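According to our numbering, the sequence shown is numbered sequentially starting from 1212. Every residue, glycine too, gets a C-beta built ideally from N, C-alpha and C. Everything numeric in this text was worked out from a predicted model, so none of it was measured. Reviewing the structure listed below.
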Amino acid sequence: MVEYKKEFGAKFEIVQFSDPICTWCWGAEPVLRKLKAIYKNHLKLSFIMGGLVRDIREFSDPLNGIGGDINKTNASILAHWQEASRTHKMPVAKSGFHLFSDEFPSSYPQNIAFKTAEIQSEELAKELLREIRIATALRCEITSKPSVLVSLASKVGLDVAKFSSDLKNGEEEFYKDLELTRKYGVSGFPSFLVRNLQSGEEVLLRGYARFNDFKSVIENVLNLKLEIYEPKKDDILEYIGSNAAKIEIMEILNISENECDELVDTLIKNGKVKIVNELIYPLNSPSCRDGECLI
């Protein structure tokens, strides 16, 4: 059983079995952000790293043409991510994708980076995970490079010296996550463990899940009757947070793309936000300086 830390007011937990470079995990962000916005402190959200690719040269996904030759695989991964994006709507680069190289053929370093960051701060680790996904999906960086991971760790406010010295412990924690992944029989990402923190009852959802899938489990299987918060358009900057894709705002506020465009256009005209790489950034965030979003 997964070890849980109870947060004040938390009634249930959603644990995503994940990998930082999994496109469907990137695609799950809008639903997870909506769940957090609606259930607020009733929900504890955490991640178990499942290690999707130990070595891409030994990986085999014949359906999507992924595995073996790295150059062909990078092209196939981009096509796969773009196809997935048409379903989950999270933005993906149009070209330039080169996730793997002969020197960096694994996603394990990104997994280990997340576990290393957790040693310092669970919240900053989640921010690092988000930044790894952004760098992978939108900036086409090889995010397994140590220099890239250290740069992203610094960006989210982690102590870089401690981050570097903790890597060995982070690797050990990652292998514990791999054991939990096998224990729960998870072979695809994302998968979600939804658990009632009071009764201990838990349900495993496999694959990409929508908001109503979670809501049904929470209410009908875990028998949790919780007061929910209805997000308001006036709070859009709160939901944008450090950054957000349009689909995330649409999901949280339950609005159309046209309504979202109108809201964002107003914020841009009022000097509140700027769009970079299809993400909305508040101009007073650490990612922005002197009216410019820093990427």
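Within a Cβ cutoff of 8 Å, which residues of the same chain sit near alanine 1248, ignoring the five residues on either side of it in sequence? Tyr1440, Pro1442, Tyr1450, Ile1463
Going by C-alpha to C-alpha distance, which of Ala1346, Lys1283, Ile1458 sits closest to glutamate 1240? Ile1458
Look at the alpha carbon of histidine 1291 and the alpha carbon of valine 1432, and state the distance between them as a whole number of angstroms. 34 Å
Exposed or buried, what is lysine 1305 when buried is set at 16 or more other beta-carbons lying within 10 Å of its beta-carbon? exposed
Threonine 1354 vs alanine 1346 beta-carbon contact at 8 Å: yes
Backbone secondary structure at methionine 1212 - three-state DSSP: Any reading at methionine 1212 needs caution, since the residue's pLDDT is 39, under 50, leaving its predicted position unreliable; the model's value is listed next. Looking at methionine 1212 - three-state DSSP - the assignment turns out to be coil, as it is neither helix nor strand.
Reducing DSSP to helix, strand and coil, say where leucine 1360 ends up. helix
Three-way DSSP call (helix, strand, coil) for asparagine 1481 in this model: coil
Using the Cβ count rule (16 or more neighbours within 10 Å means buried), how would you classify threonine 1298? exposed
Are the CB atoms of methionine 1301 and aspartate 1388 within a distance shorter than 8 Å? no
Mapping the DSSP letters down to three states, classify leucine 1243 as helix, strand or coil. helix
Could you name the residues of the same chain whose beta carbon sits closer than 6 Å to that of aspartate 1377, not counting the 5 residues immediately before and after it, in chain order? Thr1327, Ile1330
Look at proline 1316 and arginine 1268 and say whether their C-beta atoms are less than 8 Å apart. yes
Under a three-way DSSP split, which group does isoleucine 1486 fall into? strand
Using 8 Å as the threshold, is the C-beta distance between alanine 1455 and leucine 1490 below it? yes
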